[in-house]
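Accompanying notes for the structure given below.
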Amino acid sequence: MHQLSVMLVWTLLFDPVAQAAPFLPNSDSQVLEQVPEALDSAGGVLRAMNRKLADDRKNLALALQVARLEIGLSRRLGDPRFLGRAEAALAPWPIGPPTPADVLLLRAVILQSNHDFAGSITALQRVVALKPGSAQAWLTLAAVHQAQAEYPSALHDCGQFADRTLGLAPDICTASVMALTGHAQLALRAMGISLSQNQAEARAQPAVAVWAITVQAETADRVGEPAAERYYQAALRLDATDPYLLAAWSDWLLDHDRPRDVIALLSGLTRIDPLLLRLALAERAIGDGQAATHIADLAARFETSRLRGETVHRREEARFALHLQQQPQRALQLAKANWTVQREPADARILLEAALAAGAPRDADPVRLWLRINAVEAPRLTALADGHIKPISGGKS
Amino acid sequence: MIGSAPMPDAARALHHLLRLQVGVLCLLIVLSVPAFAHSSSSSYLTVVKDTDKLSVQWEIALRDLDYAIGLNPTGRITWGDLRARAPAIASYTLPRLRLDAGGGRCRPGPVTLLADERGGTGYAVLRFIARCPGQVHQVGIAYSLMFDLDPQHRALLDFIAGPSFHVAVLSPDRPRVALDADVGLGRTFFDFGRVGVDHILSGPDHLLFIAILLFPAMFRRVNAGAWLPVRRFFPAFLETTKILSAFTIAHAITVTAAVLGWVNVPSRLIEGAIALTIVATALDNIVPILPRRRWTIAFGFGLIHGMGFAAALGPLALPPLPLAVALLSFNLGVEAAQIAAASIVLPLGFALRNMHGYSAKFIPGASGLAGLVAIVWFMQRTLQIL
Numbered sequence: 000m001h002q003l004s005v006m007l008v009w010t011l012l013f014d015p016v017a018q019a020a021p022f023l024p025n026s027d028s029q030v031l032e033q034v035p036e037a038l039d040s041a042g043g044v045l046r047a048m049n050r051k052l053a054d055d056r057k058n059l060a061l062a063l064q065v066a067r068l069e070i071g072l073s074r075r076l077g078d079p080r081f082l083g084r085a086e087a088a089l090a091p092w093p094i095g096p097p098t099p100a101d102v103l104l105l106r107a108v109i110l111q112s113n114h115d116f117a118g119s120i121t122a123l124q125r126v127v128a129l130k131p132g133s134a135q136a137w138l139t140l141a142a143v144h145q146a147q148a149e150y151p152s153a154l155h156d157c158g159q160f161a162d163r164t165l166g167l168a169p170d171i172c173t174a175s176v177m178a179l180t181g182h183a184q185l186a187l188r189a190m191g192i193s194l195s196q197n198q199a200e201a202r203a204q205p206a207v208a209v210w211a212i213t214v215q216a217e218t219a220d221r222v223g224e225p226a227a228e229r230y231y232q233a234a235l236r237l238d239a240t241d242p243y244l245l246a247a248w249s250d251w252l253l254d255h256d257r258p259r260d261v262i263a264l265l266s267g268l269t270r271i272d273p274l275l276l277r278l279a280l281a282e283r284a285i286g287d288g289q290a291a292t293h294i295a296d297l298a299a300r301f302e303t304s305r306l307r308g309e310t311v312h313r314r315e316e317a318r319f320a321l322h323l324q325q326q327p328q329r330a331l332q333l334a335k336a337n338w339t340v341q342r343e344p345a346d347a348r349i350l351l352e353a354a355l356a357a358g359a360p361r362d363a364d365p366v367r368l369w370l371r372i373n374a375v376e377a378p379r380l381t382a383l384a385d386g387h388i389k390p391i392s393g394g395k396s
Numbered sequence: 000m001i002g003s004a005p006m007p008d009a010a011r012a013l014h015h016l017l018r019l020q021v022g023v024l025c026l027l028i029v030l031s032v033p034a035f036a037h038s039s040s041s042s043y044l045t046v047v048k049d050t051d052k053l054s055v056q057w058e059i060a061l062r063d064l065d066y067a068i069g070l071n072p073t074g075r076i077t078w079g080d081l082r083a084r085a086p087a088i089a090s091y092t093l094p095r096l097r098l099d100a101g102g103g104r105c106r107p108g109p110v111t112l113l114a115d116e117r118g119g120t121g122y123a124v125l126r127f128i129a130r131c132p133g134q135v136h137q138v139g140i141a142y143s144l145m146f147d148l149d150p151q152h153r154a155l156l157d158f159i160a161g162p163s164f165h166v167a168v169l170s171p172d173r174p175r176v177a178l179d180a181d182v183g184l185g186r187t188f189f190d191f192g193r194v195g196v197d198h199i200l201s202g203p204d205h206l207l208f209i210a211i212l213l214f215p216a217m218f219r220r221v222n223a224g225a226w227l228p229v230r231r232f233f234p235a236f237l238e239t240t241k242i243l244s245a246f247t248i249a250h251a252i253t254v255t256a257a258v259l260g261w262v263n264v265p266s267r268l269i270e271g272a273i274a275l276t277i278v279a280t281a282l283d284n285i286v287p288i289l290p291r292r293r294w295t296i297a298f299g300f301g302l303i304h305g306m307g308f309a310a311a312l313g314p315l316a317l318p319p320l321p322l323a324v325a326l327l328s329f330n331l332g333v334e335a336a337q338i339a340a341a342s343i344v345l346p347l348g349f350a351l352r353n354m355h356g357y358s359a360k361f362i363p364g365a366s367g368l369a370g371l372v373a374i375v376w377f378m379q380r381t382l383q384i385l
């Protein structure tokens, strides 16, 4: 009888004939889209530069400028379209032996953003061979190695980075690796000291400062220090729009049962997939009516990405499947596939949660190994791994 | 090709920015999470094969069109902007999609412009019919939109030839596909048979109709509408066969008539009428209102359901022989699915026929429930409420 009533509700809700489709808007004034870069100062600049570049495709200096700005815009707005446009600017210099080092570097950054970590490392190794002074190349290498949990390599890269430039950025590079390899307290202290000693650099390069404080906040949160909240708020005072920071802060809020704050923070930022995911989790937590729409939007985006053959957002999709679609088996498959590519604390967490929810805790053994051999200090992850606590629904991934 | 009007302000800002960057080590801060957002640029292309033409629906992100040809300098794109730029949109996009079939290039006709929203992003929808020089057997599609401006752009292609369905992703590395639009007779038979089976098994309305039609199959109706259980299975089985065959013959007639274009009733009316047939049959299970002989009901209502099946098949642009095969196998598929449904309902009904309350409570109760659901469907379909 229960099955019958479920079927009845299902048939009532989903009339087989009803379907969404293209539509004819009601009036000429109906707004169909807001182009985000039109609201960003770099958007107008890029338009002008791209027009110049269209007439002068071989202008290397201009192409590099455009690509750099596009990559920066993609990070600021959380939008991969600008990565594609950066690639377009660099198109006359495909990856090959005569590629200039600066082009290779930007191509490596784009490859990394598309999760082609192997391709990115190959290109970066050629950059450092061609142009040993490239600090950016070492920083990017460190990030890729860290994302893959290759901590000794990442430390080496940070050291090379520090040999080429001094100050806050190399300190944070090293501290972020130390924070994952059994030296979290030391890393927190080092970051605090470096931030107070490099205030001029922090003011001149707010992006570096935001990055530094975000790493500080994430580390503090991971080891269970209440100072995390204070760090997040300090970072937000510097830049309240950084998508990565907003996602990390939203996760902290979700973990501390503050979904309403997440909704207030993110309701205007539905364009950015990872932020839409956090928003939907928060809406689901308080039973907000918008949740259904946002879950449908996310499902459509993941489906498009699947059709495109992309594997970029398996971490987010696993979390979506587990917490918003109640499909632990699918979440586990996604989280396992994700772990073969990315091995960060958030990847560890979703794999542990999915494995427990799917009733296959042994499937998270790679995470247990990662925790043990690196001496990762993360009490909540360890408790999940040891089966001491139930997975936290709506949690961070 | 980028932007629409010169922007002196932007040029000034550019010089300012270039000056700023000189001498400053501009790190691209790479946070521990590399790619952070993931909605890259995609277009959705649907191509439906017809005898000597292709029906095309092409959905292109408004952001991409704005980047390529400029729709509104403020970035706030309205339906008015889209309509005003319709000729420019057509002349920019159409040359970047080449369709070849029937021995040459298929020429796009007039474009109908619509809007759509996918996953929270605005899209322009271009619909047109491309006429080909001859009969369509092989279709070649060559795509180049946006590839020069964004190599991450992809076209997600659905190619539909009758019941067969082909999906492809077009990219700068693979901008062309060749598709076989010709389907063998055996394949046609199999595919349309499957469409018939799927249509019954995936459509709750037909299943519901068959179920309530067969609920009382193990009973005889006596005066005042009460039900008496039958003694033997076989006569009841024969009676059911008669009912289902009448239903099948009736819907085969109207499916054929509708597919060949002899009758044409708006699908909303048909869907509403199908819901009404369920209401009437359900009501009849409670209070007799329809003719006593069930096969006549099945035949009459089958005519209506058949027109609904025709909508599932869609307009079939097939030569005579494949068309006949398609219609036959579709109806056989429908029949097979019905028999499958009956072979579950019938033995159950026979086993339960003497159970206390089955005829007095279960049949009216379940029929009433089904009737209510059908009333809701009826209102949704005809009045567009709820």
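First to last, the protein sequences are chains A and B. Sequential numbering of the first sequence, starting at 0, is according to numbering that gives the first Met the number 0. Sequential numbering of the second sequence, starting at 0, is according to numbering that gives the first Met the number 0. We put the beta carbon where it would ideally sit given N, CA and C, even for glycine. If you're wondering where the values come from, they're calculated on a predicted model, not measured in any experiment.
Take the Cβ of residue i as the centre, count every other Cβ of all protein chains shown within 10 Å, and call the residue buried at 16 or more, exposed below.
i: B:Arg82; result: exposed
i: A:Met177; result: buried
i: B:Leu13; result: Because B:Leu13 carries a pLDDT of 45, less than 50, the predicted location of this residue cannot be relied on, and the following value inherits that uncertainty. The residue in question, B:Leu13, is buried, as its Cβ has 16 or more Cβ neighbours within 10 Å.
i: B:Met306; result: buried
i: A:Asn49; result: buried
i: A:Glu376; result: buried
Closer than 7 Å by C-beta to residue i: which residues in its own chain qualify, once you throw out the five before and the five after it? Chain order, please.
i: A:Leu89; result: Ala62, Ala66, Val102, Leu105 and Arg106
i: B:Gly101; result: Asp51, Cys131, Pro132, Gly133, Gln134 and Val135
i: B:Val258; result: Ala309, Leu312, Leu315 and Leu326
Does any CB atom of chain B fall closer than 8 Å to the CB of residue i?
i: A:His90; result: Here residue 90 of chain A is Ala; the residue named in the question, His, does not match the sequence. Judged by the 8 Å Cβ criterion, A:Ala90 is in contact with chain B.
i: A:Gly308; result: yes
i: A:Ala279; result: no
i: A:Asp296; result: yes
i: A:Ala436; result: This structure does not reach residue 436 of chain A, given that chain A is present from 0 up to 396, and the question cannot be answered.
i: A:Ala62; result: no
i: A:Val5; result: Note on A:Val5: pLDDT 40, under 50, position unreliable in the model; no value is reported.
Leaving aside the five residues before and after residue i along the sequence, list all residues of the same chain whose C-beta is less than 8 Å from its C-beta, in chain order.
i: B:Gln151; result: Ser39 and Ser40
i: A:Val127; result: Ser133, Ala136, Trp137, Leu140 and Gln159
i: B:Ala114; result: Trp78, Leu81, Gly121, Tyr122, Ala123 and Val124
i: B:Asp65; result: Asn71, Gly74 and Ile76
i: B:Leu53; result: Val46, Val47, Leu98, Ala100, Cys105, Ile128, Ala129, Cys131, Val135 and Val138
Examine chain A for any beta-carbon lying closer than 8 Å to the beta-carbon of residue i, and answer yes or no.
i: B:Leu345; result: no
i: B:Ile76; result: yes
i: B:Ala249; result: no
i: B:His304; result: no
i: B:Ala114; result: yes
i: B:Gly192; result: no
i: B:Arg386; result: Outside the shown range of chain B (0 to 385) lies residue 386 of chain B, about which nothing can therefore be said.
i: B:Val168; result: yes
i: B:Asp147; result: yes
i: B:Thr92; result: no
Please say whether residue j and residue i have beta carbons closer to each other than 8 Å?
i: B:Leu155; j: B:Val344; result: no
i: B:Ile128; j: B:Tyr91; result: no
i: A:Ala233; j: A:Ile212; result: yes
i: A:Pro258; j: A:Ile285; result: yes
i: B:Gly119; j: B:Val333; result: no
i: B:Ile285; j: B:Ala373; result: no
i: B:Thr381; j: B:Arg267; result: yes
i: A:Ile209; j: A:Leu237; result: Sequence check: residue 209 of chain A is Val here, not Ile. Yes, the pair counts as a contact, with Cβ atoms nearer than the cut-off.
i: A:Asp362; j: A:Lys335; result: yes
i: A:Cys157; j: A:Thr173; result: yes
i: B:Phe218; j: B:Ser358; result: yes
i: A:Ala246; j: A:Leu275; result: no
Could you pull out every residue in the same chain whose Cβ sits closer than 6 Å to the Cβ of residue i, ignoring the five residues on either side in sequence?
i: A:Gln341; result: Ala146
i: B:His165; result: Phe158 and Leu178
Using 8 Å as the cut-off, can you tell me whether the stretch 229-245 of chain B makes contact with the stretch 253-260 of chain B, which would need three or more C-beta pairs spanning the two stretches below that distance?
no
Within 8 Å, do at least three Cβ pairs link the stretch 73-82 of chain A to the stretch 46-56 of chain A?
no
How about the stretch 149-169 of chain A and the stretch 185-197 of chain A: do they share at least three Cβ pairs that are nearer than 8 Å?
yes
Members of the stretch 33-56 of chain A near chain D, C-beta cut-off 9 Å:
Within the model displayed, chain D is absent; protein chains A and B are what it includes.
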